[in-house]
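Single-structure report; data block below.
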Amino acid sequence: MKYLALFLIFLFQTVQGEEPAPWRIAVIGDTHDSPRRMEGSEGVAVNFIKTLYGEILKHQVDMVIQVGDMADIEGSAPVNGLAKRKELNKMLEEKGIPFYAVRGNHESIPLRAEQFRELFLPTRKQGARGLATRKLNYGIRHKNASLYFMDVDLAPDQMVDFSAWIKKNRSKANTVPRHCLVFTHRTLQTPMQFRECLWGRYNDSAAEQQNIFYRNLREAGVRFVVTGHLHAHDLYMITSPDGKNTLTSLICAPAGNKVLPAPFLLPARSRVKTLQYRSGITAYYILNIYPDSMTLDTYAAPNNGVTDEGPKSGEFKKLHSYGIPMN
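Each residue of the sequence shown is one higher than the one before, counting from 1 in the UniProt record's numbering.
Pasting the structure below:
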């Protein structure tokens, strides 16, 4: 009996010391295809999405998020592309998994703004909890996280307003979720050969607004910003121009057949610290949300940037998991 009691005490202490199981968010990048495209695709990487969704459903995720550029804008795609993209979400709807998205530059044409509102902007009636909206910017709450979605092509002052809106919402809430994440299309920084980020042509453009944006996000509890647009996997840490506030950010690899080559090296004085970089891949991401921490798992497959057939299920390999700094 003595040994049994000691064993039970040890077992209880072991169980108590284990971190509770996480809940999960799946994230994908750009799903617009590139000519020569599959007939009937309406500018959407149909085969890529079907394969990625099949893989994502293996992970028991709570939701799927896409960071913009859902359909191309050539041919009939401007009119029919977003409806086609919505149609493919039936794979998720059948499992009761909600889908959230932001507009990308491919959705920035006037017609698509209204289509996006009708097809993808969440409502409380659809079950979006803690929903807050400002035009096509919105936020939701899920379990122990606040998730904010920033619309495409905001001016620097509008991005400052967006960050202040998050901070205000978090400060006045009766109960504040532990985690706060931001999802948007364009990136916080850009490699030298592809000069196009949130702030304009260069990483240091609109430095004053950047400093306020970073400070507001940090004070609101944001530590991780997820983006797309550059068609390559890029995980990095970036510090505000004044050197006072740092965020971790992910540029999602494409979920379609458009890929970009590796960039030139950033200058030695760059505010960017690259953690992982991969080009020539397609990928999906699983964010594991624990009570007091978050980890990022990346599942990648080769992408030759030509075929619209998409990767095969067995081609996906898991990259090193990354623990997102919470300090």
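Ideal Cβ placement from N, Cα and C applies to all residues, glycine included.
These numbers were taken from a predicted model, which means no experiment stands behind them.
Cβ neighbours of residue i in the same chain (closer than 6 Å, five flanking residues each side left out)
{"i": "E19", "result": "Y290"}
{"i": "I166", "result": "Y148 and A220"}
{"i": "A164", "result": "N216"}
{"i": "H106", "result": "H32, D69 and I73"}
{"i": "F120", "result": "A101"}
{"i": "I251", "result": "T187, T227, L230 and D234"}
{"i": "T274", "result": "Y236"}
{"i": "F99", "result": "V64, N89 and L92"}
{"i": "V222", "result": "C180 and V182"}
CB-CB length for residue i against residue j, believed under 8 Å
{"i": "I140", "j": "P122", "result": "7 Å"}
{"i": "Q209", "j": "M159", "result": "7 Å"}
{"i": "V272", "j": "Y236", "result": "5 Å"}
{"i": "Q189", "j": "N174", "result": "Rounded, the Cβ-Cβ distance is 36 Å, inconsistent with contact."}
{"i": "L88", "j": "V152", "result": "Not confirmed; about 21 Å, so no contact."}
{"i": "N303", "j": "P254", "result": "7 Å"}
{"i": "N211", "j": "D161", "result": "Wrong, their Cβ atoms sit about 15 Å apart, outside the cutoff."}
Assigned exposure category for residue i - 16 Cβ within 10 Å defines buried
{"i": "V15", "result": "The predicted position of V15 is uncertain, since its pLDDT is 48 and thus under 50; a value taken from the coordinates is nonetheless stated next. Exposed, by the Cβ-count rule."}
{"i": "R201", "result": "exposed"}
{"i": "V79", "result": "exposed"}
{"i": "residue 357", "result": "The first residue shown for the chain is 1 and the last is 327, placing residue 357 beyond what the model contains."}
{"i": "residue 330", "result": "Past the boundaries of the shown model lies residue 330; the chain is included only from 1 to 327, so the question cannot be answered."}
{"i": "K86", "result": "buried"}
{"i": "F232", "result": "Correcting the residue type first, residue 232 is Ala in the shown sequence and not Phe. Buried."}
{"i": "E93", "result": "exposed"}
{"i": "R134", "result": "exposed"}
{"i": "S249", "result": "buried"}
{"i": "R103", "result": "buried"}
{"i": "K258", "result": "buried"}
{"i": "L111", "result": "exposed"}
{"i": "K95", "result": "exposed"}
{"i": "K84", "result": "buried"}
{"i": "S240", "result": "buried"}
{"i": "G81", "result": "buried"}
{"i": "M150", "result": "buried"}
Beta-carbon proximity check, residue i vs residue j, cutoff 8 Å
{"i": "residue 339", "j": "I286", "result": "Because residue 339 is not part of the residues shown, which for the chain are 1 to 327, the question remains open."}
{"i": "V64", "j": "I97", "result": "yes"}
{"i": "residue 328", "j": "G256", "result": "Residue 328 lies beyond the stretch modelled for the chain, which goes from 1 to 327, so this question has no answer here."}
{"i": "F224", "j": "M294", "result": "yes"}
{"i": "L227", "j": "I238", "result": "It should be pointed out that residue 227 corresponds to Thr in this sequence rather than to Leu. Against a cut-off of 8 Å, the Cβ pair of I238 and T227 comes out as no contact."}
{"i": "T28", "j": "L57", "result": "Reading the sequence as shown, one finds Ile at residue 28 and not Thr. Contact flag unset, no."}
{"i": "C180", "j": "A145", "result": "yes"}
Neighbourhood of residue i by C-beta distance below 7 Å, restricted to the same chain and skipping five residues each side
{"i": "A132", "result": "Y138, G139 and N169"}
{"i": "R117", "result": "L136"}
{"i": "P22", "result": "N288, I289 and Y290"}
{"i": "S76", "result": "E42"}
{"i": "L260", "result": "F194, L230, H231, A232 and S279"}
{"i": "C197", "result": "R186, T187, L188, Q189, T190 and N203"}
{"i": "I109", "result": "I73 and P78"}
{"i": "A206", "result": "P156, W199 and G200"}
{"i": "Y214", "result": "S240, N245 and L247"}
{"i": "P177", "result": "R141, N144, A145 and S146"}
{"i": "I49", "result": "T31, L88 and A255"}
Other residues of its chain near residue i: CB distance less than 8 Å, five sequence neighbours each side excluded
{"i": "Y299", "result": "E55, A283, Y284, Y285, I286, F316, K317, K318 and L319"}
{"i": "R24", "result": "H59, Q60, V61, D62, I286, L287, N288 and I289"}
{"i": "K312", "result": "T51 and A301"}
{"i": "I324", "result": "R223, F224, T248, S293, M294, T295 and L296"}
Chain B within 8 Å of residue i, Cβ atoms only
{"i": "G305", "result": "Protein chain content of the structure displayed is limited to a single chain, and chain B is not contained in it."}
message: So, does the stretch 36-48 touch the stretch 62-77, judging by three or more C-beta pairs under 8 Å?
response: Contact between the stretch 36-48 and the stretch 62-77 is present, with at least three C-beta pairs closer than 8 Å.
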